[in-house]
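The sequence shown finishes on residue 1030 if you use the numbering used here, and the numbering steps up by one all the way, no holes. The structure appears right after this line, and notes come after that.
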Amino acid sequence: MTDVTDGVLHTLFRSEQGGHEQVVLCQDRASGLKAVIAIHSTALGPALGGTRFYPYASEEEAVLDALNLSRGMSYKNALAGLEHGGGKAVIIGDPELVKTEELLLAYGRMVASLGGRYVTACDVGTYVADMDVVARECRWTTGRSPENGGAGDSSVLTAFGVFQGMRASAQHMWGDPTLRGRTVGVAGVGKVGHYLVEHLVQDGAEVVVTDVREESVRRVTDKFPQVRVVADTDALIRTEGLDVYAPCALGGALDDDTVPVLTAKVVCGAANNQLAHPGVEKDLAERGILYAPDYVVNAGGVIQVADELHGFDFDRCKAKATKIFDTTLAIFARAKEDGIPPAAAADRIAEQRMADAHRA
671 MTDVTDGVLH TLFRSEQGGH EQVVLCQDRA SGLKAVIAIH STALGPALGG
721 TRFYPYASEE EAVLDALNLS RGMSYKNALA GLEHGGGKAV IIGDPELVKT
771 EELLLAYGRM VASLGGRYVT ACDVGTYVAD MDVVARECRW TTGRSPENGG
821 AGDSSVLTAF GVFQGMRASA QHMWGDPTLR GRTVGVAGVG KVGHYLVEHL
871 VQDGAEVVVT DVREESVRRV TDKFPQVRVV ADTDALIRTE GLDVYAPCAL
921 GGALDDDTVP VLTAKVVCGA ANNQLAHPGV EKDLAERGIL YAPDYVVNAG
971 GVIQVADELH GFDFDRCKAK ATKIFDTTLA IFARAKEDGI PPAAAADRIA
1021 EQRMADAHRA
């Protein structure tokens, strides 16, 4: 057994980050499907979380990502007030090269075989059209198109929720729940980031962006010519006068290299798993940087897809996503009361809700 495999098993069975109820390795050789479905908790209800389609370097890396992401979904769903536990799936491969209808149908059959313990949706590398295909084989699928009984793109409410979390951060840090006159740096202006930019511009913020895809940057600057562009994330986090940093791409944005040079006083973004390791939140706190826990502020999307299971109503979902403002403020208050970083305070609140559900 390799060291990496041992690391996967250690995470699953023996680490504090483990405790998963079920991990399913899925393969369909005819279509080329290789996937991992991780169910962290069903204490609050069926596990709910998206499907990530990504060219992982190894199968072991894919399993670890599924474990981390599914655990995060348990906490996200708990703090969003949903009657769902946490789950996540990853499909191994480059979606630009290997995604086919046959593969998605095979994946749908794999999810269906779990009998509703896991409800899937979109994530990095998967889209509404993909969920429409998956749903042909699996009724436990959300994030579908309106034409197929779904709610459509969840990025809209994800960005709205992040904006609410950012308003709460501004309230806590500067005493005013607005970004007007503040400089906000957004790293990643794809699915969610470009909607977030729109909220920020409308609120009167000065916005600086970066993205590895030129077309994503162009879409933003064509609509909002006043938005500034920098070469990369390294330049963004060092931007002079930056008030808020919003990581909206992949995880691990906050690490031992970025935190010491970050000029912003607030971090609030849409990306999952922004903290590269558990000690990073303490490093942020020591520098006086306020961190809005990612899984709290980016819950707008999961609020939307959860609502789809009951007959989607956008206004009802937006009202729930608006409460992210109050939840974020409550977490900052708990952090101050307990003398701990906000990420730890958020974990405590989520863990309490899950524990109460187990005892009920």
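The beta-carbon is built from N, C-alpha and C at its ideal position, and this holds for glycine as well. What you are looking at is a predicted structure, and each value in this text was computed from that prediction instead of being measured.
Taken through DSSP and simplified to helix, strand or coil, L774 comes out as helix. R1023 and A748 have their C-alpha atoms roughly 7 Å apart.
By the CB criterion at 9 Å, W810 and V856 fall outside the cutoff. For L979 and N943, the gap between their C-alpha atoms comes out near 26 Å. Note that the C-beta distance between V900 and V879 is below 9 Å.
T853 has E876 as its beta-bridge partners, per DSSP.
In the structure shown, R957 adopts coil according to DSSP, grouped into three states. The beta carbons of S825 and V862 sit closer together than 9 Å.
Between the alpha carbons of A1027 and V966 lies a distance of about 19 Å. K758 and S740 have their alpha carbons spaced roughly 5 Å apart.
With fewer than 16 neighbouring CB atoms inside 10 Å of its own CB, A700 falls in the exposed class. Bridge partners of R898 according to DSSP: V878.
With respect to the 9 Å criterion, V859 and V890 are classified as neighbours on the basis of their beta carbons. Here the C-alpha atom of L906 lies approximately 29 Å from the C-alpha atom of L734.
When the Cα atoms are used, V693 and I707 turn out to be separated by approximately 6 Å. Within the same chain, and ignoring the five residues on either side of G702 in sequence, the residues whose Cβ sits closer than 8 Å to its Cβ are G763, V768, T770 and L773.
Of the residues K1006, G835 and D823, the one whose Cα lies closest to the Cα of D800 is D823. DSSP, reduced to helix, strand and coil, places L767 within a helical segment of the structure shown. For the 9 Å CB-CB criterion, V972 and A750 form a contact. Under DSSP, R722 shares a beta bridge with V760. Exclusion of the five residues before and after P847 leaves R837, A838, A840, Q841 and F995 as the residues of its chain whose Cβ lies within less than 8 Å of its Cβ. Per DSSP, the unbroken alpha helix (DSSP H) holding H842 starts and ends at S825 to W844. DSSP places G970 within a helical segment (H, G or I) once states are collapsed to three.
DSSP links P917 through a beta bridge to A857.
Straight through space, the alpha carbons of G921 and V914 are spaced by roughly 17 Å. Under the three-state reduction of DSSP, Y788 is assigned to strand. A Cβ-Cβ separation of about 7 Å places H710 in contact with M743 under the 8 Å criterion. Taking the CA atoms as reference points, G720 sits about 18 Å from G819.
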